[in-house]
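Protein chains in written order, with our numbering: chain A, 27 to 226; chain B, 27 to 226.
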């Protein structure tokens, strides 16, 4: 078997519009609410640009608020189904720092900020990334009801299992703003303007 | 905020030794047991080469056995914690085919072959990749007991939830061979020769 033609690498890349979106954003967002507002804004633009679902994530230094990476769901633009916002933001943060463990020695504590509770894939991705805080705009069944995305079978005590591993969960930081993004997505979906890409 | 210096992409790449390992492997493995034997062999070499844990995966055309991609756990060599064997193999298959949905129209049915039941992250990654069969050397608590890796909180009826989404689960295809790989890994771990990279 030849290797290639078997692919030997793949890339997850952010769209160009992210640069415009970040141009006026400071390097440091000391107020966590500003970090959550940023992910809601990126999520709202992401699906309109055709990159993937209405999801965004940011990795920040938990104490200072220095932004380490931003991610959006790029399943459609990258052609890779694991390229959810969390996987993208965490991979970009690890690539930037050159460390697989964002909680490693001599590193500041890192947090992942997301516009809704992670799906089952990103639940695991967050768990082993080294983050010490998960900051969520919201959680609950509304994401599946509104967007129609399958979030996968999750255990009930998902937040406890994060806490047990030393990852603090802050939930409900901007719930209504997050839901507004999903409602707009749903309107476009009902109007037949977009594709939901869950393969199964 | 400038973008870069924020990273705008990251890459998941296979190690060079994969080419040697595949040189004598036919393009097509009609017998599923040969596909499972391949993932066990790749898993056994992967941790010795220092790329990551003792885990490998293959995407194949389910009926013919044509190999579409191979993946190994490259968390340590890629520096990205989501780069488990399944995420790597699925991403490489999607990159090769230029399709995010391996179960899309005008494509043959695809299967993911793994040397043990996926962790919670790869549970979701497999679920939305478009595969129609998940073929496992084995499943059960032994992987955590032997390797000490955290596989994450999984629901009890994980296989049913795959089946409910049209993904057939074939389990126990080469259980003893898979366990032999984990036992060798454990011996090296107990001898202080390797790092388990679960951040939490």
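Just so you know, even glycine gets a beta-carbon here, dropped at the ideal spot from N, CA and C. For clarity, every value in this text was computed on a predicted model and none was experimentally measured.
Is residue 198 of chain A near the ligand NAD, in the sense that its beta carbon is under 8 Å from a heavy atom of that ligand?
-> No copy of the ligand NAD appears in this structure; indeed no ligand is present at all.
Classification of residue 200 of chain B by the beta-carbon crowding that lies within 10 angstroms, buried from 16 upward | Numbered from its first residue, the second chain carries residue 200 of chain B at position 174. Counting every other CB atom within 10 Å of its CB across the protein chains shown gives residue 200 of chain B a total of 16 or more, marking it as buried.
Would you list, in chain order, the members of the stretch 203-221 of chain B that have their beta-carbon closer than 7 Å to a beta-carbon of chain A?
-> Near chain A, meaning a CB-to-CB distance below 7 Å, no residue of the stretch 203-221 of chain B qualifies.
Taking the CB atoms as reference points, tell me whether residue 35 of chain A and residue 38 of chain B lie closer together than 9 Å.
-> In the first chain, residue 35 of chain A corresponds to position 9, counting from 1. In the second chain, residue 38 of chain B corresponds to position 12, counting from 1. Going by C-beta atoms, residue 35 of chain A is nearer than 9 Å to residue 38 of chain B.
What residues are listed by DSSP as bridge partners for residue 95 of chain A?
-> Here residue 95 of chain A refers to the residue found at position 69 of the first chain. Looking at the DSSP output, residue 95 of chain A shares a beta bridge with A:85.
How far does the beta strand (DSSP E) with residue 35 of chain A in it reach, from first residue to last?
-> Position 9 of the first chain holds residue 35 of chain A. From DSSP, the beta strand (DSSP E) with residue 35 of chain A extends over 35-39.
Just the chain B side, please: which residues come within less than 9 Å of residue 40 of chain A by C-beta, in chain order?
-> Position 14 of the first chain, counted from the first residue, corresponds to residue 40 of chain A. Within 9 Å Cβ-Cβ: 29, 32, 33, 34 and 35.
Cα-Cα separation, residue 116 of chain A to residue 146 of chain B | Counted from its first residue, the first chain places residue 116 of chain A at position 90. Counted from its first residue, the second chain places residue 146 of chain B at position 120. C-alpha separation (whole angstroms): 17 Å.
Cβ contact check for the stretch 105-115 of chain B and the stretch 91-102 of chain A: 3 or more pairs under 8 Å | Contact fails: fewer than three Cβ-Cβ distances are below 8 Å.
What residues are listed by DSSP as bridge partners for residue 161 of chain A?
-> As a first step, residue 161 of chain A must be located in the first chain, where it is residue number 135. BP columns for residue 161 of chain A point to A:139 and A:196.
What does residue 187 of chain A touch in chain B if you count any residue whose Cβ is under 7 Å from its own?
-> As a working mapping, residue 187 of chain A is identified with position 161 in the first chain. Near residue 187 of chain A (Cβ distances below 7 Å), the residues of chain B are 179.
Determine the chain B residues that contact residue 95 of chain A at a beta-carbon separation under 8 Å, and present them in chain order.
-> Indexing the first chain from 1 puts residue 95 of chain A at position 69. Per Cβ cutoff of 8 Å: 32 and 33.
Cβ pair residue 61 of chain A, residue 32 of chain B closer than 9 Å = Counting from one through the first chain, the residue named residue 61 of chain A turns up at place 35. Counting from one through the second chain, the residue named residue 32 of chain B turns up at place 6. No, Cβ-Cβ distance for residue 61 of chain A and residue 32 of chain B is not below 9 Å.
Residues of its chain near residue 211 of chain B, where Cβ-Cβ distance is below 8 Å and the 5 sequence neighbours each way are ignored = As a working mapping, residue 211 of chain B is identified with position 185 in the second chain. Taking residue 211 of chain B as the centre and dropping the five residues before and after it, the same chain places the C-beta of 73, 79, 80, 172, 173 and 220 closer than 8 Å to its C-beta, in chain order.
Could you tell me whether the Cβ atoms of residue 185 of chain B and residue 169 of chain B are closer together than 9 Å?
-> Locating residue 185 of chain B in the second chain gives position 159, counting from the first residue. Locating residue 169 of chain B in the second chain gives position 143, counting from the first residue. Taking 9 Å as the Cβ cut-off, residue 185 of chain B and residue 169 of chain B do not qualify as a contacting pair.
So the alpha helix (DSSP H) residue 148 of chain A belongs to, where does it begin and stop?
-> Here residue 148 of chain A corresponds to residue number 122 of the first chain, with the count starting at 1. Unbroken alpha helix (DSSP H) run through residue 148 of chain A: 146-153.
So what's residue 65 of chain A in DSSP terms, helix, strand or just coil?
-> In the first chain, counting from the first residue as 1, residue 65 of chain A sits at position 39. Residue state, collapsed to three classes: helix.
From which residue to which residue does the alpha helix (DSSP H) around residue 173 of chain A run?
-> Within the first chain, the letter at position 147 stands for residue 173 of chain A. Bounds of the alpha helix (DSSP H) holding residue 173 of chain A are 168-173.
Closest Cβ-Cβ distance between residue 106 of chain B and chain A: below 9 Å?
-> In the second chain, counting from the first residue as 1, residue 106 of chain B sits at position 80. Judged by the 9 Å Cβ criterion, residue 106 of chain B is in contact with chain A.
Provide the residue span of the alpha helix (DSSP H) that contains residue 204 of chain B, from first to last.
-> Taking the second chain and counting its residues from 1, one reaches residue 204 of chain B at position 178. Counting along the chain, the alpha helix (DSSP H) containing residue 204 of chain B begins and ends at 201-216.
Close-in-space but distant-in-sequence residues of the same chain around residue 178 of chain B (CB under 6 Å, 5 per side omitted) = Taking the first residue of the second chain as 1, we reach residue 178 of chain B at position 152. Within the same chain, Cβ atoms closer than 6 Å to the Cβ of residue 178 of chain B are found at 145 and 146, the five residues on either side in sequence being excluded.
For chain B, find out if any of its Cβ atoms is closer than 9 Å to the Cβ of residue 119 of chain A; answer yes or no.
-> As a working mapping, residue 119 of chain A is identified with position 93 in the first chain. Residue-level contact check: residue 119 of chain A touches chain B, since one or more beta carbons of chain B fall below 9 Å from its beta carbon.
Could you tell me which chain B residues have their CB closer than 8 Å to the CB of residue 165 of chain A, listed as they occur along the chain?
-> Residue numbering aside, residue 165 of chain A sits at position 139 when the first chain is read from its first letter. What residue 165 of chain A touches in chain B: nothing, since even the nearest Cβ is about 16 Å away.
Which partner residues of residue 51 of chain B appear in the DSSP bridge assignment?
-> The residue you call residue 51 of chain B lines up with position 25 of the second chain. Secondary-structure assignment with DSSP links residue 51 of chain B through no beta bridge to anything.
Starting from residue 124 of chain B, find everything on chain A with Cβ-Cβ shorter than 8 Å and list it in chain order.
-> If you number the second chain from 1, residue 124 of chain B lands on position 98. Within chain A, the residues near residue 124 of chain B are 105.
Closer than 8 Å, Cβ to any Cβ of chain A: which residues of the stretch 139-150 of chain B, in chain order?
-> Against chain A - using a Cβ distance shorter than 8 Å - the residues of the stretch 139-150 of chain B are 145, 146, 147, 148, 149 and 150.
Between the C-alpha atoms of residue 53 of chain A and residue 28 of chain B, what's the straight-line distance to the nearest angstrom?
-> To locate residue 53 of chain A, count along the first chain from 1; it is residue 27. To locate residue 28 of chain B, count along the second chain from 1; it is residue 2. Cα-Cα distance, rounded: 8 Å.
Per-residue contacts from residue 102 of chain B into chain A (C-beta, under 9 Å) | Translated into positions along the second chain, residue 102 of chain B becomes position 76. Ordered by position in chain A, the residues that pass the 9 Å Cβ test against residue 102 of chain B are 126.
Can you find a CB in chain B that lies within less than 9 Å of the CB of residue 53 of chain A?
-> In the first chain, residue 53 of chain A corresponds to position 27, counting from 1. Interface criterion met: the Cβ of residue 53 of chain A is under 9 Å from a Cβ in chain B.
Measuring only between beta-carbons, confirm whether residue 111 of chain B sits less than 9 Å from chain A.
-> On the second chain, position 85 is the one that residue 111 of chain B refers to. Chain A contact via Cβ: absent.
Considering only the beta carbon of each residue, do residue 143 of chain A and residue 166 of chain A sit closer than 9 Å?
-> Along the first chain, one-based indexing puts residue 143 of chain A at 117. Along the first chain, one-based indexing puts residue 166 of chain A at 140. Yes.
If you draw a straight line from the alpha carbon of residue 120 of chain B to that of residue 108 of chain A, how long is it in whole angstroms?
-> Numbered from its first residue, the second chain carries residue 120 of chain B at position 94. Numbered from its first residue, the first chain carries residue 108 of chain A at position 82. Whole-angstrom Cα-Cα distance: 10 Å.
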